[in-house]
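In full-length UniProt numbering, the protein residues as written are 1 to 346.
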């Protein structure tokens, strides 16, 4: 019986996928299927998956799609998933052998819990945390919780408003009830937006220290590409408008707009930031429609209100930079490996 559907969005990561699939093959909980959603890879991904499918004990499905970024890929995987639980795993993340067993046991033990994650650790620096869930500021900015902290400090479970989809187990019915991932988000804030809706509808999520995964994060410290800046800026504002409680939105939206204008005026690349603001104006009816769809599901606003970060901005602000505090040797083609770059500049 398939209890869990593992959904992996990928693009040109034939070099990373063997490590990810080996980690899944070593799971102590065997009742799962693997769905690799391919955002138009041009490397050896298809051949690799065909070979692995013939040798893997669990069903391994290769699902090619028109490039849609991580958000669209996860939705496509959800569309064919057979499990009562969905495990979202990125194509550069290897799960510890007991990850599925521990996270599934946590959901079985707590029927009201919608989703659970664990501690994501840097593959190249296993003494430090990449993320222990996520933080969300009152004006809609999101960042990794506990990033850079020693793993030894992570000793107990913690509630979260959202959890990074690098490694997340969620109840399939809850994920579908909130509409999955916003399809027009492509990349950036798609997992915090999804998690925000999930918590508002079903209550806080939880991270547990025993569930460990290892992120082969890229050695990229430099200015972010224009499309990444564009999608990040447009999505953080759209998510706030769609998801914030009414009284919260009344004061947070003016602050977020002021920040967006100042950010666009002061920080390069400026063009993508201005286009992000314009996108939100043009797509306001669609964003408000998403807000109306969430309205009848809102049951836990008060329960999750205290989970917002106690600051408006992360401790280290990116200012258009792709900050990667640790170094690693990538094994895939660095010019084509990132599924965030399968869409042209907007």
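Built from N, CA and C at the ideal position, the CB exists for glycine as well.
Remember, it's a predicted structure, so these values are computed and weren't measured experimentally.
Legend entry - Inter-residue Cα distance where the pair is residue 10 and residue 230: 21 Å
Inset, instruction - Tell me whether residue 132 sits in a helix, a strand or coil according to DSSP, three-state version. - result: coil
Legend entry - Where residue 157 sits in the DSSP three-state scheme: coil
Legend entry - Cutoff 6 Å; reference residue 232; Cβ partners in own chain excluding five residues on either side: 188
Legend entry - Which listed residue (35, 43, 49, 31) has its alpha carbon closest to that of residue 18: 49
Legend entry - Residues that DSSP places opposite residue 117 in a beta bridge: 168, 207
Inset, instruction - Using 10 angstroms around the beta-carbon of residue 208, count the other beta-carbons present and answer buried if the total reaches 16, otherwise exposed. - result: buried
Inset, instruction - Keeping to the same chain, check which residues put their C-beta closer than 8 Å to that of residue 154; ignore five residues upstream and five downstream. - result: 119, 129, 132, 146, 209
Legend entry - residue 199: CB within 7 Å of a non-hydrogen atom of the ligand HEM: By its list of ligands, the structure shown contains no ligand whatsoever, and the ligand HEM lies outside what it can speak to.
Inset, instruction - Output the distance between the C-alpha atoms of residue 192 and residue 53, rounded to the nearest integer angstrom. - result: 32 Å
Inset, instruction - Consult DSSP for residue 127 and reduce its assignment to one of helix, strand or coil. - result: strand
Inset, instruction - Could you have a look at residue 245 and say whether DSSP puts it in helix, strand or coil? - result: coil
Legend entry - Continuous beta strand (DSSP E) stretch holding residue 36: start and end: 32-38
Legend entry - Cβ contact (3+ pairs, closer than 8 Å) linking the region 158-175 and the region 84-101: yes
Legend entry - DSSP state of residue 57 mapped onto helix, strand, coil: coil
Inset, instruction - Going by CA-CA distance only, name the one from 262, 101, 179, 69 that's closest to residue 6. - result: 101
Inset, instruction - Label residue 1 either buried or exposed according to how many other C-beta atoms from any shown protein chain fall within 10 Å of its C-beta, with 16 as the threshold for buried. - result: exposed
Legend entry - Short Cβ contact (8 Å threshold) for residue 92 with residue 3: no
Legend entry - Close-in-space but distant-in-sequence residues of the same chain around residue 325 (CB under 7 Å, 5 per side omitted): Note on residue 325: pLDDT 48, under 50, position unreliable in the model; no value is reported.
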